[in-house]
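Residue numbers for the sequence shown, in our numbering: 418 to 638.
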Amino acid sequence: MAFCENWDELYRNNEHMSVWPWSEIVSGSLRHTNLRNASESFAILEVGCGAGANFPFFLTHCPNIYGIDGSTFIIEQLKERYPSIAENLHACDFTQPWPISHQFDLIVDRGASVHNGHKDIQRYLNQAYEQLKEGGIMLITDWFSTEHSDYEKAPESIDKYTKSGYTWGPFAGVGNVNFFDAELIHTLVQQFEIISLGHSSSSSYGSDHIHAAWSVVLKKR
418 MAFCENWDEL
428 YRNNEHMSVW
438 PWSEIVSGSL
448 RHTNLRNASE
458 SFAILEVGCG
468 AGANFPFFLT
478 HCPNIYGIDG
488 STFIIEQLKE
498 RYPSIAENLH
508 ACDFTQPWPI
518 SHQFDLIVDR
528 GASVHNGHKD
538 IQRYLNQAYE
548 QLKEGGIMLI
558 TDWFSTEHSD
568 YEKAPESIDK
578 YTKSGYTWGP
588 FAGVGNVNFF
598 DAELIHTLVQ
608 QFEIISLGHS
618 SSSSYGSDHI
628 HAAWSVVLKK
638 R
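Written out as structure tokens, the structure reads:
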């Protein structure tokens with residue numbers, strides 16, 4: 418659970434406490450699943466759910482919402498805030514076997530698994546595949562790209578893709594950060610059908626910093 422202590426401390430310090438649903442999650446969920454007209458059995462799991470920013474959006478369409486996160490602090494807060502789904506919220510290392518046996522129509526990963534090494538990410542994706550229903554969708558955003566400025570500036574390199582030791586910017590104090598190229602993504606998700614694979618890059622005027630990331634929509638074959 419290499420990332421958990423880092424993130425638990427960040428949440429306790431009231432950092433990274435996103436509270437508004439992420440637009441890419443909203444649009445992707447509605448576009449690629451039947452969430453808009455969800456049946457009573459429709460179920461969603463958010464991996465690395467953090468402060469639950471997407472929960473209000475999901476709960477307007479579906480009562481069967483599950484969440485897992487490495488931070489015991491944030492999960493306890495979410496249980497108090499969302500008592501109707503408290504039993505579905507778990508503090509755990511999601512790269513290890515999950516304490517959930519449910520099958521899901523949608524699994525969401527908004528920049529969560531990116532804070533693990535790629536071998537741990539592979540193990541996590543294998544489990545996600547097993548717990549998706551046939552034809553189920555996995556929606557992944559913010560897998561940072563090797564074209565991101567901070568890829569080359571990393572203080573520590575654990576391997577080609579996994580970096581650590583950041584003391585500045587958005588990666589300060591988060592522990593490991595995995596950066597992806599197309600080759601790594603295709604290797605990791607080969608058991609899935611790729612519905613969409615997008616790469617975005619942006620910079621601010623007057624700055625040479627480049628933010629680059631991948632978004633992936635996967636389907637269980």
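Beta carbons are placed, not taken as given, at the ideal position from N, Cα and C, and that holds for glycine.
These numbers come from a predicted model, not from an experiment.
Buried or exposed: which applies to residue i, given that a residue is buried once 16 or more other Cβ atoms fall within 10 Å of its Cβ?
i: H603; result: exposed
i: V634; result: buried
i: K580; result: buried
i: K637; result: buried
i: F420; result: At F420 the pLDDT is 47, less than 50, meaning the model places this residue with poor confidence; the figure from the coordinates comes in the next sentence. That one is buried.
i: D576; result: exposed
i: A508; result: buried
i: D425; result: buried
i: G615; result: exposed
i: G465; result: buried
Would residue i and residue j be called neighbours here (beta carbons separated by less than 8 Å)?
i: L605; j: Q539; result: yes
i: N533; j: N454; result: no
i: F415; j: Y428; result: The structure shown does not extend to residue 415, since the chain spans only 418 to 638, so no value can be given for it.
i: L556; j: V525; result: yes
i: N505; j: G487; result: no
i: I611; j: H449; result: no
i: T554; j: L523; result: Before going further, note that residue 554 is Ile rather than Thr in the sequence given. The answer is yes: Cβ separation under 8 Å.
i: T563; j: F597; result: yes
i: A571; j: G582; result: yes
i: I627; j: S574; result: no
i: N595; j: Y578; result: yes
i: H535; j: L601; result: yes
i: Y499; j: F472; result: yes
i: A630; j: S617; result: yes
i: S458; j: P480; result: no
i: V591; j: N423; result: yes
Just tell me which of the options has its CA closest to the CA of residue i.
i: R527; options: K636, R638, S632; result: S632
i: E497; options: P516, F521, A468; result: A468
i: A503; options: Q513, I492, W560; result: I492
i: S518; options: L614, G465, A460; result: A460
i: S446; options: L462, S458, N423; result: L462
i: W515; options: T477, F561, Y546; result: Y546
i: V443; options: N423, H478, V464, G465; result: H478
i: A599; options: G552, F561, Q513; result: F561
What do you reckon, is the C-beta of residue i under 7 Å from a heavy atom of the ligand SAM?
i: F596; result: The ligand SAM is absent from the structure shown, which contains no ligands of any kind.
Given residue i, which residues of its chain have a CB within under 6 Å of its CB, disregarding the five upstream and five downstream residues?
i: E441; result: T558
i: S530; result: I538, Y541
i: Q608; result: Y546
i: D625; result: none
Which stretch, first to last residue, makes up the alpha helix (DSSP H) that contains residue i?
i: E610; result: Looking at the DSSP string, E610 is not in any alpha helix (DSSP H); the run it does join, the beta strand (DSSP E), is 610-620.
i: I442; result: 440-449
i: H603; result: 599-605
i: E493; result: 489-498
With respect to the beta strand (DSSP E) encompassing residue i, which residues constitute its N-terminal and C-terminal limits?
i: F561; result: 549-561
i: Y578; result: Where Y578 is concerned, there is no enclosing beta strand (DSSP E), given that its DSSP letter is neither H nor E.
i: Y483; result: 482-486
i: H628; result: 627-636
Please go through the same chain and pick out, in chain order, the residues whose beta-carbon is closer than 7 Å to the beta-carbon of residue i, but skip the five residues on each side of it.
i: W437; result: A470
Whose C-beta lies closer than 8 Å to the C-beta of residue i among residues of the same chain, with five residues either side of it excluded?
i: S456; result: none
Is residue i close to chain C, meaning its C-beta is less than 8 Å from at least one C-beta of that chain?
i: N505; result: No chain C is part of this structure, which consists of one protein chain only.
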